[in-house]
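Trainee: The numbering of the sequence shown is UniProt numbering, which starts it at 1 and goes up by one.
One structure follows; several queries about it will come next.
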Amino acid sequence: MIQRFGNLSKEVLNTMIHKAVKENFPQKYKIKEKQKSAIITALQGYDTFIQMPTGSGKSLCYQLTSVLDGGVTIVFSPLLSLIRDQMVKLQGVDYKIRCIGFDLDEINKILRTNSQPDFNLLFVTPEKAVKNSLFMPLLYNLDKRKLLSRFVFDEAHCVHSWGNSFRPDYLKLAELIKRFRQTQERSNTTKIPIMALTACDSRDEREKINKILGMDKDCSRQLLFKSIKQRKNLQYQVLDKRKVNVEELINYFFEKYPSGVGIIYCLTRLECVKLAKLFGDLARPYYAKMSEKRRQINQDKWMNGKIRLLCATTAFGMGIDKENVRFVVHYSIPRSLMEFTQESGRAGRDGEPSECILLYDFNDQFRILREIKGFESTSFKQIKLNNLLKVLNYCEKYCDDYNKNKEESSSILPPNRFAKIKNLIEPFNEKEINIVCIILEKIDQIGNVKLKNLFQFFEQQNCYNEINYEKIIRQIILCGYLRISLLTNSFKRPLPLLSISLKGFALLEQFKILIESKEEFIKLNKELEVYLIKNNNEIEEEEGEEGEELAIKLTNNLDLLDNYFVVSSRC
Numbered sequence: 001m002i003q004r005f006g007n008l009s010k011e012v013l014n015t016m017i018h019k020a021v022k023e024n025f026p027q028k029y030k031i032k033e034k035q036k037s038a039i040i041t042a043l044q045g046y047d048t049f050i051q052m053p054t055g056s057g058k059s060l061c062y063q064l065t066s067v068l069d070g071g072v073t074i075v076f077s078p079l080l081s082l083i084r085d086q087m088v089k090l091q092g093v094d095y096k097i098r099c100i101g102f103d104l105d106e107i108n109k110i111l112r113t114n115s116q117p118d119f120n121l122l123f124v125t126p127e128k129a130v131k132n133s134l135f136m137p138l139l140y141n142l143d144k145r146k147l148l149s150r151f152v153f154d155e156a157h158c159v160h161s162w163g164n165s166f167r168p169d170y171l172k173l174a175e176l177i178k179r180f181r182q183t184q185e186r187s188n189t190t191k192i193p194i195m196a197l198t199a200c201d202s203r204d205e206r207e208k209i210n211k212i213l214g215m216d217k218d219c220s221r222q223l224l225f226k227s228i229k230q231r232k233n234l235q236y237q238v239l240d241k242r243k244v245n246v247e248e249l250i251n252y253f254f255e256k257y258p259s260g261v262g263i264i265y266c267l268t269r270l271e272c273v274k275l276a277k278l279f280g281d282l283a284r285p286y287y288a289k290m291s292e293k294r295r296q297i298n299q300d301k302w303m304n305g306k307i308r309l310l311c312a313t314t315a316f317g318m319g320i321d322k323e324n325v326r327f328v329v330h331y332s333i334p335r336s337l338m339e340f341t342q343e344s345g346r347a348g349r350d351g352e353p354s355e356c357i358l359l360y361d362f363n364d365q366f367r368i369l370r371e372i373k374g375f376e377s378t379s380f381k382q383i384k385l386n387n388l389l390k391v392l393n394y395c396e397k398y399c400d401d402y403n404k405n406k407e408e409s410s411s412i413l414p415p416n417r418f419a420k421i422k423n424l425i426e427p428f429n430e431k432e433i434n435i436v437c438i439i440l441e442k443i444d445q446i447g448n449v450k451l452k453n454l455f456q457f458f459e460q461q462n463c464y465n466e467i468n469y470e471k472i473i474r475q476i477i478l479c480g481y482l483r484i485s486l487l488t489n490s491f492k493r494p495l496p497l498l499s500i501s502l503k504g505f506a507l508l509e510q511f512k513i514l515i516e517s518k519e520e521f522i523k524l525n526k527e528l529e530v531y532l533i534k535n536n537n538e539i540e541e542e543e544g545e546e547g548e549e550l551a552i553k554l555t556n557n558l559d560l561l562d563n564y565f566v567v568s569s570r571c
């Protein structure tokens, strides 16, 4: 039978916790104050949200409570590989916690004989919980006998971010748990508490998770346990992807850290395979569509030190606890700063100096925009676009090639310091304003213009050698003066087209007088017009018949930008 400790003092609970750690965990475990506070609140029967960085020991919070209050704790975990890793670890000789996966023989035995479960933790994926006909009967059986302790959502950010995209069973599971707890309320039974754990450092994300799971609002003072202590051993750097030889970069890390391993995060499985081939026997790919057996083999080789590099999509990494990860490289921009923080946080979990590299190419965003097009919910698209904008602003701010002061750029702040990131684009100076107005005026006159044509034209210009034309174009887009129409053809290649926005019109009206009296700008203005008209004729042949357009506002939380990403597809 489960126990609740609401009437016990914190001093008594502290003593119980330290004793339980000593008896059930390896000697290396030392409980931290944040962990202890979260565990005490959970033991008192409250819904508990635990928001701590990757590697800070979130799992201990539910592992220890499962020992202290008895009964069965149901742990919803996003990946079978993560469940397997947790179980292997807990079944080691140093641990005294009993756990199982969703074992049908064991579940049938409990339902058939009302036997006492001989385990503390039951791990299950959302899909198994929603689709298996034995899951809900198991909950009611355990609850009736006072043996159901709590629900734990490990990697809780997946509830919102994955539930609204490719894992809809997360939302179905949340609805099942809400209905179950409402049934308890109607029958005057104490609700089974929820514990949510995530490394996500975002208030908006936390509030969405709370709402989806139906976590109690009346205990907000005890709801959140947050630790945002920076990991000083991680060095962050953003580099221009086009100027980096990734093979040389990884080999440099291999030489610098002879006993270390690394991860390269990629956007697609093709990138994973391509990069893994570069390093032969030292690397393996890892992605969602790979067979589960092959994924596990590659992961085990990396965990055991038989290979030094995993080239992986976001399918890899949750719950991975490997001490000697010396570098994490993002080969393409991540979909959000939260994703970047979590994935880069898998480096240096032993406290030793480690490096987190983001390879930035402005054009990589169009592949992510193509993904966003596939989401059904307009509000969810909005969230994903906002997340992408924050990533782009972060990269623009900290990319080494665009910082004049290299010493300043070598000490990049990790992105979780920018959870409420504003638009970081600096104002244009007088010379740059002239270039901006020329670009806006020509795009206004011509209509949709290929982004690549704009880049190519200014690569040939040398009227102001000190001006970074490419960065100006990116700034115009990120500031909302241009809108992007993204078309995809049958080869799934995104074709970004530019048109002027209302915000761009306003800027043009305000500053275009600057370009009307300067000879060099009159010349540049005419040359740009001729170049764009000549090269824009290719658009009709390349795009074909245009599909239905979907326009979505892009915001950055604080400021509403007059900017739209318009995502279309070729028929």
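Ideal Cβ placement from N, Cα and C applies to all residues, glycine included.
Got a sec, what are the start and stop residues for the beta strand (DSSP E) Leu148 sits in?
Mentor: For this step, residue 148 is matched to residue 148 along the sequence shown. Here the beta strand (DSSP E) through Leu148 covers Leu148 to Phe153.
Trainee: Give the DSSP bridge partners of Gly262, in chain order.
Mentor: Looking up residue 262 in the sequence shown gives position 262. Gly262 is bridged to Leu309 and Phe327.
Trainee: Measure how close the beta-carbons of His160 and Ile209 come, nearest whole angstrom, since I'm counting them as under 8 Å.
Mentor: Mapped onto the sequence shown, residue 160 falls at position 160. Mapped onto the sequence shown, residue 209 falls at position 209. With a Cβ gap of about 6 Å, His160 and Ile209 count as contacting.
Trainee: If you count every other CB in all the chains shown that lies within 10 Å of the CB of Pro137, and 16 or more means buried, which is it?
Mentor: Sequence index remark: in the sequence shown, residue 137 carries index 137 (1-based). Flag for Pro137 reads exposed.
Trainee: Could you spell out where the beta strand (DSSP E) holding Cys356 opens and where it closes?
Mentor: Here residue 356 refers to the residue found at position 356 of the sequence shown. Looking at the DSSP string, the run of the beta strand (DSSP E) that includes Cys356 is Ser354 to Tyr360.
Trainee: Give me the Cα-Cα distance between Ser187 and Leu502, rounded to the nearest whole angstrom.
Mentor: The count along the sequence shown starts at 1 and reaches residue 187 at position 187. The count along the sequence shown starts at 1 and reaches residue 502 at position 502. Ser187 and Leu502 have their alpha carbons spaced roughly 57 Å apart.
Trainee: With a CB to CB cut of under 7 Å and the five nearest residues on each side skipped, what residues in its chain are close to Met16?
Mentor: Position 16 of the sequence shown holds residue 16. These residues qualify, in order along the chain: Leu68.
Trainee: Given a cut-off of 8 Å, decide if Glu396 and Arg474 are closer than it, judged by their beta-carbon atoms.
Mentor: Position 474 of the sequence shown holds residue 474. Position 396 of the sequence shown holds residue 396. Taking 8 Å as the Cβ cut-off, Arg474 and Glu396 qualify as a contacting pair.
Trainee: Between which residues of its own chain and Phe135 is the CB-CB distance below 6 Å, once the five residues before and five after are set aside?
Mentor: Numbered from its first residue, the sequence shown carries residue 135 at position 135. Excluding residues within five positions, the ones whose Cβ falls inside 6 Å are Ala129.
Trainee: Please report how far the alpha carbon of Glu407 lies from the alpha carbon of Ser332, in whole angstroms.
Mentor: Here residue 407 is taken as the residue at index 407 of the sequence shown, counted from 1. Here residue 332 is taken as the residue at index 332 of the sequence shown, counted from 1. With a pLDDT of only 42 at Glu407, under 50, the local geometry of the prediction cannot be trusted, and no value is derived from it.
Trainee: Can you tell me the Cα-Cα spacing of Val152 and Lys322, whole angstroms?
Mentor: Sequence index remark: in the sequence shown, residue 152 carries index 152 (1-based). Sequence index remark: in the sequence shown, residue 322 carries index 322 (1-based). It is roughly 23 Å from the alpha-carbon of Val152 to the alpha-carbon of Lys322.
Trainee: With DSSP as the reference, label Thr41 as helix, strand or coil.
Mentor: Position 41 of the sequence shown, counting from 1, holds the residue named residue 41. Helix, per DSSP.
Trainee: Can we say the region 4–13 touches the region 37–47, given the rule of at least three CB pairs closer than 8 Å?
Mentor: yes
Trainee: Take the Cβ of Arg242 as the centre, count every other Cβ of all protein chains shown within 10 Å, and call the residue buried at 16 or more, exposed below.
Mentor: Counting from one through the sequence shown, the residue named residue 242 turns up at place 242. Exposed is the call here.
Trainee: One question on the structure: do Gln51 and Arg167 come within less than 8 Å of each other, judged by their Cβ atoms?
Mentor: Here residue 51 refers to the residue found at position 51 of the sequence shown. Here residue 167 refers to the residue found at position 167 of the sequence shown. Contact: no.
Trainee: Please name the residue in Val273, Ser291 and Glu292 whose C-alpha comes closest to that of Arg284.
Mentor: If you number the sequence shown from 1, residue 284 lands on position 284. Residue Val273 is the option with its Cα nearest to Arg284.
Trainee: Between the C-alpha atoms of Ser165 and Glu175, what's the straight-line distance to the nearest angstrom?
Mentor: Within the sequence shown, the letter at position 165 stands for residue 165. Within the sequence shown, the letter at position 175 stands for residue 175. Rounded to the nearest angstrom, the two C-alpha atoms are 16 Å apart.
Trainee: Using a threshold of 8 Å, state whether the C-beta atoms of Val238 and Tyr46 are closer than that.
Mentor: What you label residue 238 is simply residue 238 of the sequence shown in a count that begins at 1. What you label residue 46 is simply residue 46 of the sequence shown in a count that begins at 1. Contact flag unset, no.
Trainee: Once you ignore the five residues that flank Phe180 on each side, which residues in its own chain have a CB closer than 7 Å to its CB?
Mentor: Locating residue 180 in the sequence shown gives position 180, where the first residue counts as 1. Counting only Cβ-Cβ distances below 7 Å, and skipping sequence neighbours, we find Leu139.
Trainee: Cβ atoms of Ser377 and Asn324: under 8 Å apart, would you say?
Mentor: Counting from one through the sequence shown, the residue named residue 324 turns up at place 324. Counting from one through the sequence shown, the residue named residue 377 turns up at place 377. No.
Trainee: Please name the residue or residues paired with Leu197 in a DSSP beta bridge.
Mentor: Walking along the sequence shown from the start, residue 197 turns up at place 197. BP columns for Leu197 point to Ile50.
Trainee: Start and end of the alpha helix (DSSP H) containing Val159?
Mentor: Working through the sequence shown from its first residue, we reach residue 159 at position 159. Looking at the DSSP string, the run of the alpha helix (DSSP H) that includes Val159 is His157 to Ser161.
Trainee: Thinking C-alpha only, which one of Val244, Phe49 and Glu432 is nearest Ile357?
Mentor: Along the sequence shown, read from residue 1 onward, the residue named residue 357 stands at position 357. Taking only the C-alpha atoms, the option nearest Ile357 is Val244.
Trainee: Run through DSSP, which three-state label would Thr73 get?
Mentor: Here residue 73 corresponds to residue number 73 of the sequence shown, with the count starting at 1. Reduced to three states, the DSSP call for Thr73 is strand.
Trainee: Kindly indicate the opening and closing residues of the beta strand (DSSP E) around Asp240.
Mentor: Residue numbering aside, residue 240 sits at position 240 when the sequence shown is read from its first letter. Looking at the DSSP string, the run of the beta strand (DSSP E) that includes Asp240 is Leu234 to Asp240.
Trainee: Reducing DSSP to helix, strand and coil, say where Tyr95 ends up.
Mentor: Taking the first residue of the sequence shown as position 1, residue 95 is located at position 95. Coil at Tyr95, not helix or strand.
Trainee: How far does the beta strand (DSSP E) with Val88 in it reach, from first residue to last?
Mentor: The residue you call residue 88 lines up with position 88 of the sequence shown. Where Val88 is concerned, there is no enclosing beta strand (DSSP E), although the alpha helix (DSSP H) it sits in stretches over Leu80 to Leu90.
Trainee: Compute the distance between the beta-carbons of Ile194 and Leu173, then report whether it is under 8 Å.
Mentor: Walking along the sequence shown from the start, residue 194 turns up at place 194. Walking along the sequence shown from the start, residue 173 turns up at place 173. Cβ atoms of Ile194 and Leu173: not closer than 8 Å.
Trainee: Can you tell me the Cβ-Cβ gap for Ile435 and Ile467, rounded? I've got them flagged as a contact below 8 Å.
Mentor: Looking up residue 435 in the sequence shown gives position 435. Looking up residue 467 in the sequence shown gives position 467. About 7 Å; that satisfies the 8 Å criterion.
Trainee: Give me, in chain order, the residues of the same chain whose beta-carbon lies closer than 7 Å to that of Pro126; leave out the 5 immediate sequence neighbours on both sides.
Mentor: Position 126 of the sequence shown, counted from the first residue, corresponds to residue 126. Taken in chain order, the residues that qualify are Phe76, Arg167, Asp169, Tyr170 and Leu173.
Trainee: Alpha helix (DSSP H) containing Tyr62: first to last residue?
Mentor: Within the sequence shown, the letter at position 62 stands for residue 62. Run containing Tyr62: Ser59 to Leu68, per the alpha helix (DSSP H) assignment.
Trainee: Who are the near neighbours of Gly55 in its chain, counting only those whose CB is closer than 7 Å to its CB and skipping five residues on each side?
Mentor: Residue 55 sits at position 55 when you count from the first residue of the sequence shown. Cβ neighbours of Gly55 beyond the five flanking positions: Gly345 and Arg349.
Trainee: Kindly indicate which three-state DSSP category Met16 falls into: helix, strand or coil?
Mentor: Counting from 1 along the sequence shown, the entry for residue 16 is found at position 16. If DSSP states are grouped into helix, strand and coil, Met16 belongs with the helices.
Trainee: At the level of alpha carbons, what is the spacing between Arg294 and Glu371?
Mentor: Mapped onto the sequence shown, residue 294 falls at position 294. Mapped onto the sequence shown, residue 371 falls at position 371. So the two alpha carbons sit approximately 26 Å from each other.
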